[in-house]
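Structure record follows, encoded as structure tokens.
2 protein chains.
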Amino acid sequence: MSGPLEGLRVLDFTWFLAGPYATMVLADLGADVVKVEAPGTGDPTRKVAPFCGDLSSYFLSVNRGKRSICLDLRRPEDRRAALRLAEKADVLVENFTPGRMAEWGFDYSSVSTKNPRLIYASCSGFGQDGPRSREPAFDGIIQALAGTMSITGHPGSEPVRVGFSVADVGAALYLTVGILAALQARHVTGMGQYLEVSLLDAQVSMLENAFSRYFATGEIPQPSGSRHPQVAPFQAFPTRDGYLVVSAGTQEQWELLCDALHRSDLKKDNRFADFVARQVHVSDLEKELFPIFRAASTSDWLQLLPKLGIPCAPIQNIAEAAADPQVLARNMIVELEDPLAGKVRIVNSPLRFSQTAVNASRSAPRLGSSKKEVLDEWLSEN
Amino acid sequence: MSGPLEGLRVLDFTWFLAGPYATMVLADLGADVVKVEAPGTGDPTRKVAPFCGDLSSYFLSVNRGKRSICLDLRRPEDRRAALRLAEKADVLVENFTPGRMAEWGFDYSSVSTKNPRLIYASCSGFGQDGPRSREPAFDGIIQALAGTMSITGHPGSEPVRVGFSVADVGAALYLTVGILAALQARHVTGMGQYLEVSLLDAQVSMLENAFSRYFATGEIPQPSGSRHPQVAPFQAFPTRDGYLVVSAGTQEQWELLCDALHRSDLKKDNRFADFVARQVHVSDLEKELFPIFRAASTSDWLQLLPKLGIPCAPIQNIAEAAADPQVLARNMIVELEDPLAGKVRIVNSPLRFSQTAVNASRSAPRLGSSKKEVLDEWLSEN
Chain A
0 MSGPLEGLRV LDFTWFLAGP YATMVLADLG ADVVKVEAPG TGDPTRKVAP FCGDLSSYFL
60 SVNRGKRSIC LDLRRPEDRR AALRLAEKAD VLVENFTPGR MAEWGFDYSS VSTKNPRLIY
120 ASCSGFGQDG PRSREPAFDG IIQALAGTMS ITGHPGSEPV RVGFSVADVG AALYLTVGIL
180 AALQARHVTG MGQYLEVSLL DAQVSMLENA FSRYFATGEI PQPSGSRHPQ VAPFQAFPTR
240 DGYLVVSAGT QEQWELLCDA LHRSDLKKDN RFADFVARQV HVSDLEKELF PIFRAASTSD
300 WLQLLPKLGI PCAPIQNIAE AAADPQVLAR NMIVELEDPL AGKVRIVNSP LRFSQTAVNA
360 SRSAPRLGSS KKEVLDEWLS EN
Chain B
0 MSGPLEGLRV LDFTWFLAGP YATMVLADLG ADVVKVEAPG TGDPTRKVAP FCGDLSSYFL
60 SVNRGKRSIC LDLRRPEDRR AALRLAEKAD VLVENFTPGR MAEWGFDYSS VSTKNPRLIY
120 ASCSGFGQDG PRSREPAFDG IIQALAGTMS ITGHPGSEPV RVGFSVADVG AALYLTVGIL
180 AALQARHVTG MGQYLEVSLL DAQVSMLENA FSRYFATGEI PQPSGSRHPQ VAPFQAFPTR
240 DGYLVVSAGT QEQWELLCDA LHRSDLKKDN RFADFVARQV HVSDLEKELF PIFRAASTSD
300 WLQLLPKLGI PCAPIQNIAE AAADPQVLAR NMIVELEDPL AGKVRIVNSP LRFSQTAVNA
360 SRSAPRLGSS KKEVLDEWLS EN
């Protein structure tokens, strides 16, 4: 087999980011993903700048490897076609505001009677129930509500959003986990089921460590700049010409660091004896280490510390990350050939399997371009 | 069945965060997760503050629902016991620095000869190959290298780390996806396989949008405070007494917002006509909107805007998020009963299934507490 999900049919009613990212992961893994879009406009991210030729780079990146058909679920004949496709699908994914699919007669109870083996997966901002269920939400709203923004940044600074759509992407990955777990259950029970994830719940789950600290102590976690809240030293240090991030995550690495900095005395300093002590005395620790790191350049430190087994890194921008030898050696930047936009570079799937290939090499579809092909293929069997 | 992964046996050689978070997700979904720990010390996070009684809240939170046995893979009799368990396992997960499992004779080629149906999943900082493969890494290192820190924060500010371990958690979710995809492939081929994810690759994948913008334009993405890099208005606005995050993610929401702010004229302003125009003129847009939002309090805005269909939110801290009515209605905060620590609050799984329960209700194990029980159960079959 090529991808591990080869043969899996996914009927994809997703738009924006969280839903499309999930079905992108499924497509990369070999699933046959058919994106159902509104006639005329399609996924609104088709219009988000910047563009590769006429094509949105945003849309291209997260919709690679899918096919597109246009159906208007408000029109009876289109709804009938969609239902026939849902009868042939293994998985249906949607991320409309809760209630919308039911308005179109396309909620789980309507569709599962036709196909009880169907796994029907919903992603929404707030979830299918609860007081805010029917409100639309986007990543920024969720980063604000879940506490993400409250622990990101420097104390007292203006609000900081995580620089990428972490609430969308996190919910997408959880949704994918849920779909595949339901698929495993189907091998046992023979039956599909409904599953759902909200951006808010997924984000709270990803912050579990901040919540568990708060529950244990009653102290509200605060933003801590570049510092890890519980492990030290684990932060950015200013050097002569920039910054160096150092993460001494184990006791052994802490001791190696002391030796490397010619400060073996710190190993015997009770303030810095273990994880707990170093965290309590992190300001004292900074006072000891700041002058040392400032005395040399970032590249000097990078020549010295990694070979001694001490994890450290420069702060790379996106261009530097895209040219990083490790990133390139891992084939994380790949080139698609798009009929309209030409060669398009995208980020690859991070999954590597010994027996099944991961494939992020097909471009994203033109709006509605595969309608006949998909209907012929999926509906030809009976 | 109870959880969708009921009956799935996971032999868990993970420590710190990325590996344990992945096996936590599997345990929440009903898998039987047996954590193999080093005698005497166990997972180093057992010693990370703060504590619930004598138990690390960090360890408790991500190791709930697992059982623990102590085995020292350097000792032949322990290695034999581990190999016998691996013969009975469906999945083996480890996140040691690459090469370490092979030193112990426990790499995939050694184990798969005994159990070709085994899915063997590795998570590491840099991956199993490439120039930096053998280097240890932690979340902070990966946030620095992948570009995450370069796009998070305010322009010119000191470095900002995403306030939670997003590189660990993201890799954990991708690893879980990989394991479940390999499980699906096993239903087709009858064979297990090896799969791996690196923190660096997973983080780069989660930043796909920043990379695709860079590839499309050649412009290096910069930190943008609370602003979304491509959609506007989608940021925090200062109010009379705090901040309000507003995300007008669709054209309809933009128009509703203009009406709600009594600035219907902005709908006809060419600078703000669509996604692309508003992004190009985001500074002008801020000039128009800042004085309006400053004129009322955050709670005034929250009373007005959501009912008009405009996504907005206050910036909640972790205590506020833990008490949020939607978070509580969704049962996202649950209480474990731990024999030693008593009642412990943790964050629940965000996955909701119609037919299979998700269960985050068992506490984390005492070091080595289930050795006899696990050996009896898993090895009794032949």
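Quick mapping for you: the protein sequence lines, in order, are chains A and B.
The first sequence runs 0 to 381 under numbering that gives the first Met the number 0.
The second sequence runs 0 to 381 under numbering that gives the first Met the number 0.
Even glycine gets a Cβ: it sits at the ideal position worked out from N, Cα and C.
With 8 Å set as the bound, which would you pick, yes or no: does the beta-carbon of I291(B) sit closer than that to a beta-carbon of chain A? Not an interface residue.
Taking L194(A) as the query, report the chain B residues whose CB atoms sit under 8 Å from its CB, ordered along the chain. What L194(A) touches in chain B: L350, R351, F352, S353.
I need the DSSP call for L335(B), collapsed to helix, strand or coil. Per DSSP, reduced to three states, the secondary structure at L335(B) is strand.
Could you round the C-beta distance between N94(A) and A17(A) to whole angstroms and report it? I think they count as a contact, below 8 Å. Contact between N94(A) and A17(A) holds, with the beta-carbon distance rounding to 6 Å and staying under 8 Å.
In or out: S121(B) buried (at least 16 other Cβ within 10 Å) or exposed? Buried, by the Cβ-count rule.
Closer than 8 Å by C-beta to M205(B): which residues in its own chain qualify, once you throw out the five before and the five after it? Chain order, please. Excluding residues within five positions, the ones whose Cβ falls inside 8 Å are V165, G169.
The alpha helix (DSSP H) enclosing S108(A), as first and last residue numbers: It spans 107-111 - the alpha helix (DSSP H) in which S108(A) sits, taken as one unbroken run.
Length of the line joining the Cα atoms of T175(A) and V326(B): The straight-line gap from Cα to Cα measures roughly 21 Å.
Per-residue contacts from E254(B) into chain A (C-beta, under 7 Å): Simply none; closest approach about 14 Å.
Which chain B residues sit within Cβ distance under 7 Å of M100(A)? Residues of chain B passing the Cβ test: none, with the nearest at roughly 15 Å.
Residues of chain A with CB under 8 Å from P220(B), in chain order? Neighbours of P220(B) on chain A, chain order: G162, N316, I317.
Comparing the C-beta of P154(B) with each C-beta of chain A, is any distance below 8 Å? Taking Cβ atoms only, chain A never reaches closer than 8 Å to P154(B), which makes this a no.
Contact set between the stretch 330-350 of chain A and chain B, restricted to residues whose Cβ is under 8 Å from the partner: Shown in chain order are the members of the stretch 330-350 of chain A whose Cβ falls below 8 Å from a Cβ of chain B: M331, I332, V343, R344, I345, V346, N347, S348, P349, L350.
For K306(A), is the classification buried or exposed, using 16 other Cβ atoms within 10 angstroms of its Cβ as the cut-off for buried? Burial call: exposed.
How about G191(B) and S111(B): do their beta carbons lie closer than 8 Å? Result yes, Cβ atoms of G191(B) and S111(B) sit closer than 8 Å.
DSSP three-state call for D283(B): helix, strand or coil? For D283(B), the secondary structure class from DSSP, reduced to helix, strand or coil, is helix.
To the nearest angstrom, how far is it from the Cα of S1(A) to the Cα of G64(A)? Pairing S1(A) with G64(A), the inter-Cα distance amounts to about 14 Å.
Within its chain, find whatever has a CB closer than 7 Å to the CB of R160(B); leave out the 5 residues flanking it on each side and keep chain order. Excluding residues within five positions, the ones whose Cβ falls inside 7 Å are G139, Q142, M148.
Within its chain, find whatever has a CB closer than 6 Å to the CB of N62(A); leave out the 5 residues flanking it on each side and keep chain order. Non-local beta-carbon contacts of N62(A) in its own chain, meaning distances under 6 Å to residues more than five positions away in sequence, involve P19, A363 in chain order.
Over what stretch of residues does the alpha helix (DSSP H) that includes K87(A) continue unbroken? First-last of the alpha helix (DSSP H) with K87(A): 75-87.
Just tell me which of G367(A), F292(A), Q234(A), L82(A) has its CA closest to the CA of A259(A). It is F292(A) whose Cα lies nearest to the Cα of A259(A).
Are the C-beta atoms of A88(A) and some chain B residue less than 8 Å apart? No, A88(A) lies away from the interface with chain B (no Cβ there is under 8 Å from its Cβ).
With C-beta atoms as the reference, is S197(A) less than 8 Å away from F125(A)? Going by C-beta atoms, S197(A) is nearer than 8 Å to F125(A).
Within 8 Å (strictly less), CB to CB, does T112(B) reach chain A? No, T112(B) does not count as interfacial toward chain A.
Evaluate contact between the stretch 345-353 of chain B and the stretch 199-218 of chain A, counting only Cβ atoms and requiring at least three cross-stretch pairs below 8 Å. By the criterion of at least three beta-carbon pairs nearer than 8 Å, the stretch 345-353 of chain B is in contact with the stretch 199-218 of chain A.
Proximity to Q221(A) [Cα-Cα], best of T249(B), T151(B), A318(B): When only C-alpha atoms are compared, the closest one is A318(B).
Of all the CB atoms in chain A, is at least one closer than 8 Å to the CB of R45(B)? Not closer than 8 Å to any Cβ of chain A, the Cβ of R45(B) fails to qualify, so no.
Which residue or residues does DSSP assign as beta-bridge partners of A312(B)? Paired residues: V244(B).
Can you pull the DSSP bridge partners for F233(B)? According to DSSP, which records beta bridges pairwise, F233(B) is partnered with S246(B).
Beta strand (DSSP E) segment containing G341(A), residue limits: Here the beta strand (DSSP E) through G341(A) covers 341-346.
Members of the stretch 223-234 of chain A that neighbour chain C once the beta carbon cut-off is set at 9 Å: Among the protein chains of the structure shown, namely A and B, there is no chain C.
What residues in the stretch 295-314 of chain A have a beta carbon less than 8 Å from any beta carbon of chain B? Per Cβ criterion, the list reads P305, G308, P310, C311, A312, P313, I314.
According to DSSP, is I141(B) part of a helix, a strand, or is it coil? Reduced to three states, the DSSP call for I141(B) is helix.
Would you tell me roughly how many angstroms separate the C-alpha atoms of L383(A) and Q234(A), rounded to the nearest one? This structure gives no information on residue 383(A), because the portion of chain A shown stretches from 0 to 381.
Taking DSSP's pairing of strands, which residues face V33(A) in a bridge? Answer is L10(A), R66(A), bridged to V33(A).
Between D31(B) and chain A, is there a C-beta pair that is closer than 8 Å? Taking a beta-carbon distance threshold of 8 Å, D31(B) does not count as an interface residue toward chain A.
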